[in-house]
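Asker: The UniProt record's numbering applies: residue 1 is where the sequence shown begins, and numbers increase by one.
Take this structure first; my questions come after.
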Amino acid sequence: MTHLNLGEVIDVLMKYKGVSVEELVKNICSVEDMLLFQSNKKYPTIEQLNKFAEKLNVDINYFFNLSSSGGFDYSISIINLIEKYKRKRNYKEIYNIIINEKENPAFLNRLNRQYLVWHEGICIFYLKRNKCKAISILNQAIDITNPLRKNLTEREIEILTSIAIIEKDDLNYSIALDLFIDAYNYLKQLPHIIDSRVTLKVLYALSQLLTRLKRYEDSLMYCLEGITVCRNYEQLYLFGELYYQTGENYIKIGDKEKGIEYINKSINIFELQNNSEYVDLVKKELEHLLREW
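Printed below as a string of structure tokens:
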């Protein structure tokens with residue numbers, strides 16, 4: 001979990017309130033002192049903090065609450081809400097949250113700002129169908145933490161994957177495939193994977209696209225890798241989807257019995273998750289695949 005230090009809290013509040021360094025430090029400390037506070041190389045006294053709080057029109061406890069171990073509860077709750085709406089593909093609600101939180105001090109540090117910019121780009125595509133603007137915003141999101149695009153982090157790989165998914169949804173399969181492969185290769189370079197869902201998202205999206213391109217054997221390879229990741233990390237995220245995709249690939253290459261076995265397992269997984277919508281969808285897709293076979 002990332003937390004603001006005291007210097008960052010002062011910095012984001014100054015930006016939010018539109019107060020310059022010179023205005024804030026007047027009759028309290030020197031500009032040089034403030035620069036040291038902001039870089040976390042020196043700490044203000046309680047008396048100085050109290051005067052800063054008065055000028056910024058906040059309670060002095062605000063500094064301690066936001067920079068303490070529990071200080072990110074608010075931003076975490078907002079991020080969790082966005083993730084909840086993302087699972088439901090409710091981009092309208094996500095966009096409304098982003099508009100409301102953009103200037104909130106809790107979201108002015110780099111990582112939280114990046115999170116909002118990332119999801120703003122996603123919303124621009126799915127709500128307004130403006131692909132150029134959406135991809136431009138997503139690239140800006142990566143640039144916030146890695147303008148040179150060197151050794152991408154998990155978060156940056158997720159954003160790159162979002163660009164690939166947009167290209168796929170816009171039927172630019174060749175570009176999308178290159179981006180998915182890039183994301184996959186970046187993941188392989190990471191010394192440790194913190195969130196296995198990032199890997200699963202890339203593997204599933206890549207396998208979907210390869211199936212669409214009728215590259216069933218290649219798709220199958222990534223599907224089976226994804227299933228292995230789910231098992232190794234005891235992760236249910238995309239577990240049912242990967243079983244379905246595996247089954248579809250087996251049917252497409254002529255192994256109907258194995259394909260049906262995997263698809264039935266995907267149905268069992270969705271039933272355990274009480275996901276009746278996906279149970280019905282997979283059953284219909286299986287009927288369709290068998291009619292085509």
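Backbone N, C-alpha and C fix where the C-beta goes; we use that ideal spot for every residue, glycine too.
For the alpha helix (DSSP H) that contains L203, what are its first and last residues?
Answerer: Here the alpha helix (DSSP H) through L203 covers 196 to 212.
Asker: Beta-carbon within less than 7 Å of Q48's beta-carbon, same chain only, minus the 5 sequence neighbours each way: which residues are those?
Answerer: I28, C29
Asker: Going by the beta-carbon positions, is the gap between L200 and Y250 smaller than 8 Å?
Answerer: no
Asker: In the structure shown, what three-state DSSP assignment does W118 receive?
Answerer: helix
Asker: Quick check on DSSP: helix, strand or coil for E103?
Answerer: coil
Asker: If you run the structure through DSSP and keep just helix, strand and coil, what is E234?
Answerer: Assigned with DSSP and collapsed to three states, E234 falls in coil, not helix or strand.
Asker: Mark S77 as exposed unless 16 or more other C-beta atoms lie within 10 angstroms of its C-beta, in which case mark it buried.
Answerer: exposed
Asker: Rounding to the nearest angstrom, what Cα-Cα distance links R231 and I144 in this structure?
Answerer: 34 Å
Asker: Using alpha carbons as the reference points, say which of I163, E32, R197, Y184 lies closest to I175.
Answerer: I163
Asker: Which runs of the alpha helix (DSSP H) fall wholly inside the stretch 70 to 95 and span at least 4 residues, in chain order?
Answerer: 73 to 87
Asker: On the CB-based measure, 16 or more other CB atoms within 10 Å of its CB, does P44 come out buried or exposed?
Answerer: buried
Asker: So within the stretch 148 to 198, which uninterrupted beta strand (DSSP E) runs reach at least 3 residues, ignoring any that extend past its ends?
Answerer: No beta strand (DSSP E) of 3 residues or more sits fully in the stretch 148 to 198.
Asker: What does the Cβ neighbour count give for I227, buried or exposed, with the cut at 16 atoms within 10 Å?
Answerer: Sixteen is the threshold: when 16 or more other Cβ atoms of the shown chains lie within 10 Å of the Cβ of I227, as they do, the residue is buried.
Asker: Give me the residue from L224, D255, Y16 with the minimum Cα distance to N57.
Answerer: Y16
Asker: Using alpha carbons as the reference points, say which of I166, Y126, I194 lies closest to R155.
Answerer: I194
Asker: Along the chain, where does the alpha helix (DSSP H) that runs through C29 open and close?
Answerer: Careful: C29 lies outside any alpha helix (DSSP H) and carries neither H nor E.
Asker: Quick one: using the 10 Å Cβ neighbour count with 16 as the cut-off for buried, is H119 buried or exposed?
Answerer: buried
Asker: Would you please state the rounded distance, in angstroms, between the beta carbons of Y233 and S266? I believe it to be under 8 Å.
Answerer: With a Cβ gap of about 18 Å, Y233 and S266 do not count as contacting.
Asker: Rounded C-beta distance between I263 and V282? I'm assuming under 8 Å.
Answerer: Here I263 really is in contact with V282; their C-beta atoms are around 6 Å apart, less than 8 Å.
Asker: Short check: CB of I135 to CB of I94, under 8 Å?
Answerer: no
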